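When we follow this note's numbering, the leftmost residue of the sequence shown carries the number 175, and every step to the right adds one.
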Amino acid sequence: MPSYVDGFVVPVPKKKVEAYKRLAKKAGKIWKEYGALEFRECVADDVKKGKWTSFPRSVKLKPSETVFFSW
Numbered sequence: 175m176p177s178y179v180d181g182f183v184v185p186v187p188k189k190k191v192e193a194y195k196r197l198a199k200k201a202g203k204i205w206k207e208y209g210a211l212e213f214r215e216c217v218a219d220d221v222k223k224g225k226w227t228s229f230p231r232s233v234k235l236k237p238s239e240t241v242f243f244s245w
């Protein structure tokens with residue numbers, strides 16, 4: 175059986191982190207209903223901006239935002 179991973183990097187305003195977590199939890203349940211085996215949601219609380227590339231650079235992170243990783 176083939177396997178794969180879908181991943182997302184999302185900038186989220188720091189003041190809306192709790193709202194995003196609630197939405198992500200609902201989305202994870204729906205994805206599982208449609209066949210996902212697992213769902214993970216992580217917040218980047220110590221990810222530094224890289225010189226050439228990084229998660230913060232990939233979403234053009236603003237100072238008022240943080241990065242979430244979903245897979």
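Virtual Cβ for every residue (Gly too), placed ideally from N, Cα, C. Quick caveat, the model's predicted, so the values are computed rather than measured.
With respect to the C-alpha of residue 238, the residue from 225, 181, 191 having the closest C-alpha is 191. Taken through DSSP and simplified to helix, strand or coil, residue 230 comes out as helix. Burial is judged here by how many other beta carbons sit within 10 angstroms of a residue's own beta carbon; residue 211 has fewer than 16 and is exposed. Taking a cut-off of 8 Å on C-beta distances, the region 178-189 touches the region 227-238, as three or more cross pairs fall below it.
Around the beta carbon of residue 179, a 10 Å sphere encloses fewer than 16 other beta carbons of the protein chains shown; the residue is thus reported as exposed.
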